[in-house]
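What follows is one structure encoded as structure tokens, with my remarks underneath.
Numbering (our numbering), first residue to last: 2 to 116.
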């Protein structure tokens, strides 16, 4: 069996290796129903754990979407209420398809308040 390329970790601790586009939609639906609070999609080959995309539900019922590609200066976030858009962005990021960067208004995530 080949090693996983992608790994999804849910807020509950449940882990899925190499999720399909359909599974990602189902996991977002779990979040929409309140069964999960967040999911993280990681590129397993990055042993630093610093290449990922993640989604969390906001208190207002929207989605906070983030991606990181290495150092903290390459960590971005965006907000949306559109689950299908979140699915498209996360799927495109996971499978390295074009267009996901342009789909949301990304802003740098700064950690200065956490130090």
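Glycine residues also receive a C-beta, built at the ideal position from the N, C-alpha and C atoms.
It is roughly 30 Å from the alpha-carbon of residue 64 to the alpha-carbon of residue 4. In the three-state reduction of the DSSP assignment, residue 24 falls in the helix class, which pools H, G and I. Under DSSP, residue 55 takes part in a beta bridge, and its partners are 41, 67. Annotation: residue 8 to residue 58 spans about 20 Å, alpha carbon to alpha carbon.
For residue 10, the enclosing beta strand (DSSP E) covers residues 7-11.
For residue 92, there is no enclosing beta strand (DSSP E); the enclosing alpha helix (DSSP H) has its first and last residue at 84-95. CA-to-CA, the gap between residue 107 and residue 78 works out to about 5 Å. Beta-bridge partners assigned by DSSP to residue 81: 64. Looking at 84, 37, 53, 39, the one whose alpha-carbon comes closest to that of residue 26 is 84. When the five nearest sequence neighbours on each side are left out, the beta carbons in the same chain lying within less than 8 Å of the beta carbon of residue 66 are those of 54, 55, 56, 78, 79, 80, 81, 87, 90, 91, 105, in order along the chain.
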